[in-house]
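Per my numbering, the sequence shown starts with residue 880, numbered consecutively.
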Amino acid sequence: MLALSTGSLALLLGASLSMAAAIAHLACIVLGAPAYRVLGAGERMARAVEAGRLRPTLVTLAIAGVLVAWAVFALSGSGVVQRLPLTRLALVAITLAYLGRAVAFPLLKPRLPENSNTFWWISSGLCGVIGLLHAYGTLSLWSTL
């Protein structure tokens, strides 16, 4: 069995949460407008899905793709998969993106008024947790990245 340091475990957990978020986004595409509503994406997005517009699917696929890529970099940093080029830089950028998203929601919320308060609090909290996991893992493993 592979013995992992706490830094590796933090990145592994962060990767798992990123993958879970990617799967949730993909589930919206499969399940349609009701899933967009449940996850708090806003009525405008749900109506666009119901109208058969392509934009919600493309936006959702793009977000899921980014989340999968971030999970792969976290797995690379943790040592679970082969080291990818620029892993250190990617993990710093991913950490900053997650933490930035966590704290910037008061600035983002007015630009996306359709998203529910529940969406903003839960998604921002999750981004904060994932960002802190990435920060801890990246700092703990800095010399090996």
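For every residue, glycine included, the Cβ atom is placed at its ideal position computed from N, Cα and C.
Contacts around residue i, its chain only, beta-carbon distance under 7 Å, and the 5 residues preceding and following it disregarded
{"i": "A914", "result": "A906 and C907"}
{"i": "G956", "result": "L890, T966, L970, G1016, T1017, L1020 and L1024"}
{"i": "A927", "result": "R934 and P935"}
{"i": "A885", "result": "Here residue 885 turns out to be Thr, not Ala, going by the sequence shown. S1019, listed in sequence order."}
Own chain, CB closer than 6 Å to residue i, minus 5 neighbours either side, in chain order
{"i": "I942", "result": "H904"}
{"i": "I1009", "result": "G893, L896 and Y977"}
{"i": "W999", "result": "F984 and K988"}
{"i": "A901", "result": "A943, L946 and V947"}
{"i": "G1007", "result": "A981"}
{"i": "L1012", "result": "A889, L892 and G893"}
{"i": "E993", "result": "G921, E922 and R923"}
Supposed contact pair residue j and residue i - C-beta distance, whole angstroms, cut 8 Å
{"i": "A894", "j": "A953", "result": "4 Å"}
{"i": "S887", "j": "G958", "result": "6 Å"}
Member of the options whose CA lies at the smallest distance from the CA of residue i
{"i": "R916", "options": "P935, M898 and A899", "result": "P935"}
{"i": "T939", "options": "V959, L963, L910 and L986", "result": "L910"}
{"i": "A1014", "options": "V959, L968 and L963", "result": "L968"}
{"i": "I949", "options": "A930, A899, V982 and S1003", "result": "Sequence check: residue 949 is Trp here, not Ile. Comparing Cα positions, the closest option is A899."}
{"i": "A981", "options": "E929, P964, S1003 and L991", "result": "S1003"}
{"i": "L883", "options": "V951, L1005, E929 and V960", "result": "V960"}
Beta-carbon proximity list for residue i, same chain, < 8 Å, skipping 5 on both sides
{"i": "S995", "result": "G919 and G921"}
{"i": "A912", "result": "A925, R926, V928 and E929"}
Inter-stretch contact (C-beta, 8 Å, three-pair minimum) for the stretch 972-981 and the stretch 915-933 | no
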